[in-house]
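Report on the structure given below.
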């Protein structure tokens with residue numbers, strides 16, 4: 009990837025969306041409710057499909073096996089520190105939860121991946137995908153449970169208690185299903201159709 013293409017990707021995939029989003033927000037054309045709908049649509053549609061297709065094609069090398077382990081450490085370490093610090097920094101459970109989740113779920117997956125792709129191309133993107141392999145399971149299994157915990161504390165248990173089964177298996181975990189199905193086809197040696205390559 010030459011320099012001009014790199015700069016173009018960096019501008020169109022990273023800078024432009026931020027400028028457009030900021031402009032829409034400043035003009036009150038994109039409120040919190042619209043953002044929520046967009047996130048739900050992404051979780052239900054885009055992320056399961058992208059995870060499915062990327063894991064179906066992913067070529068693993070045993071020499072890169074340390075990358076997912078390092079990625080898991082990157083998720084867990086700040087989360088533990090944030091839990092400890094949030095108790096002393098805030099009294100409101102919502103503020104504590106926001107602090108913990110902001111620390112736990114950084115933007116490295118979005119901004120970092122786009123930046124690496126813009127600079128290093130597909131090889132860099134593949135390496136980042138391996139590094140962040142644990143991020144999606146961590147988000148969709150641990151992140152939502154932690155958010156519910158702090159919400160329940162704030163509402164003083166006015167929310168109905170849910171069984172552990174329904175905490176971990178909700179529509180928010182659909183992206184995990186996409187990853188799992190893609191991995192099964194990959195490990196099973198099923199070739200991806202040409203239209204999906």
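Numbering (the numbering used here), first residue to last: 9 to 205.
Glycine included, C-beta positions come from ideal geometry on N, C-alpha and C.
Owing to the predicted nature of the structure, the values given are computational and were not obtained by experimental measurement.
Margin query: Going by beta-carbon coordinates alone, are residue 139 and residue 76 separated by less than 9 angstroms?
Written below: Yes, these two residues count as a Cβ contact at 9 angstroms.
Notebook entry, point to check: Rounded to the nearest angstrom, how far is the Cβ of residue 190 from that of residue 63, given a contact under 8 angstroms?
Noted result: The pair is a contact, with the Cβ atoms about 3 angstroms apart (cut-off 8 angstroms).
Check: Would you report the Cα separation of residue 18 and residue 29, rounded to the nearest angstrom?
Finding: Their Cα atoms are separated by approximately 16 angstroms.
Next item on the list: Locate the alpha helix (DSSP H) running through residue 157, then write down its first and last residues.
Entry: Residue 157: member of the alpha helix (DSSP H) spanning 152–162, first to last residue.
Check: Taking all protein chains shown into account, do 16 or more other C-beta atoms lie within 10 angstroms of the C-beta of residue 26, making it buried, or fewer, making it exposed?
Finding: Exposed is the call here.
Note to self: For a test of the three-state rule: what should DSSP assign to residue 148, helix, strand or coil?
What the structure shows: Shown here, residue 148 sits in a helix according to DSSP, grouped into three states.
Check: Do residue 151 and residue 109 have their CB atoms nearer than 9 angstroms?
Finding: Their beta carbons are under 9 angstroms apart, which means residue 151 touches residue 109 by this criterion.
Next item on the list: State the DSSP-derived secondary structure class of residue 44, mapped to helix, strand or coil.
Entry: Of the three classes helix, strand and coil, the one that applies to residue 44 here is helix, per DSSP.
Item checked: Contact check, residue 58 vs residue 186, beta carbons under 9 angstroms -> Contact: yes.
Check: My guess is that residue 79 and residue 149 are in contact by the Cβ rule of under 8 angstroms, so how many angstroms apart are they, rounded?
Finding: The C-beta distance from residue 79 to residue 149 rounds to 15 angstroms, too long to meet the 8 angstroms contact threshold.
Next item on the list: Note the first and the last residue of the continuous alpha helix (DSSP H) segment covering residue 63.
Entry: Here the alpha helix (DSSP H) through residue 63 covers 55–65.
Margin query: On a Cα-Cα basis, can you pick out the residue from 61, 22, 127 that is closest to residue 192?
Written below: Nearest C-alpha to residue 192: 61.
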